[in-house]
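*Asks:* The working numbering puts the sequence shown at residues 7 to 147.
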Amino acid sequence: MKNYFPLLPILFALIILSCNNNGQAAKTAAAQDSTGKEQKDPPASSSTTFDSAKYNQLMQYVANGDSSGRWPVKHAPLPLPGAILPFNRIVAYYGNLYSNKMGALGKWPKSEMIPKLLDEVKKWSEADSAMPAIPALHYIA
Numbered sequence: 007m008k009n010y011f012p013l014l015p016i017l018f019a020l021i022i023l024s025c026n027n028n029g030q031a032a033k034t035a036a037a038q039d040s041t042g043k044e045q046k047d048p049p050a051s052s053s054t055t056f057d058s059a060k061y062n063q064l065m066q067y068v069a070n071g072d073s074s075g076r077w078p079v080k081h082a083p084l085p086l087p088g089a090i091l092p093f094n095r096i097v098a099y100y101g102n103l104y105s106n107k108m109g110a111l112g113k114w115p116k117s118e119m120i121p122k123l124l125d126e127v128k129k130w131s132e133a134d135s136a137m138p139a140i141p142a143l144h145y146i147a
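1) Inspect the beta-carbon positions of Lys113 and Lys107 and report whether they are closer than 9 Å.
2) For a minimum of 3 consecutive residues, which ranges assigned as the beta strand (DSSP E) are wholly contained in the region 58 to 124?
3) Under the DSSP definition of a beta bridge, which residues are partnered with Pro141?
4) By alpha-carbon positions, which one of Ile22, Asp125, Leu14, Met137 ends up nearest to Leu91?
5) Keeping to the same chain, check which residues put their C-beta closer than 6 Å to that of Ala59; ignore five residues upstream and five downstream.
6) Give me the residue from Phe93, Leu143, Met119 with the minimum Cα distance to Gln63.
7) According to the neighbour-count rule (16 or more other Cβ atoms, all chains shown, within 10 Å of its Cβ), is Tyr99 buried or exposed?
8) Which one of Leu103, Ser74, Tyr67 has the shortest CA to CA distance from Asp134?
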């Protein structure tokens, strides 16, 4: 049986050197792309503006008349534009698909669990119409 150990460093060096990208693919793509076609501007980003007045109103609503002065937090940073929370309520079923004792995901089959989740979301939406409810699944590994 031959000893291939001296060839391992050479093989390793070839693998490392072949991973090097000298930008040839980018140069080739740029050369092929310059066919004289009119370039269109990219579409405007769909980022939404943040409504701080609505946020402050919602924080007062969620505080539910708290008189301690601790809630809502004063001078807290505002959420980023497009944030889901606090403008929505998330109703989640959690669990592990392989354990019926770790929550709803393993307790019921998918065909039964999804309608139950959507029914629960509907109940929350009807109970508090000021904050829309969003369904979610939280998988516990």
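C-beta atoms are modelled at their ideal positions from N, C-alpha and C, and glycine is treated no differently.
*Replies:* A quick look at the data gives this:
1) Working through the sequence shown from its first residue, we reach residue 113 at position 107. Working through the sequence shown from its first residue, we reach residue 107 at position 101. Taking 9 Å as the cut-off, the Cβ atoms of Lys113 and Lys107 count as close.
2) Whole beta strand (DSSP E) segments, 3+ residues: 95 to 101.
3) For the purposes of this step, residue 141 is taken as the residue at position 135 of the sequence shown. Among the bridge pairs identified by DSSP, Pro141 is matched with Val97.
4) Taking the first residue of the sequence shown as position 1, residue 91 is located at position 85. Leu91 has its Cα closest to that of Met137, out of Ile22, Asp125, Leu14, Met137.
5) Start at 1 with the first residue of the sequence shown, and residue 59 comes out as number 53. The answer is none, since no qualifying residue turns up.
6) Taking the sequence shown and counting its residues from 1, the one referred to as residue 63 is at position 57. The residue from Phe93, Leu143, Met119 with its alpha-carbon nearest to that of Gln63 is Phe93.
7) The residue given as residue 99 occupies position 93 in the sequence shown. Result: buried.
8) Numbered from 1 along the sequence shown, position 128 holds the residue referred to as residue 134. Cα-wise, what sits closest to Asp134 is Tyr67.
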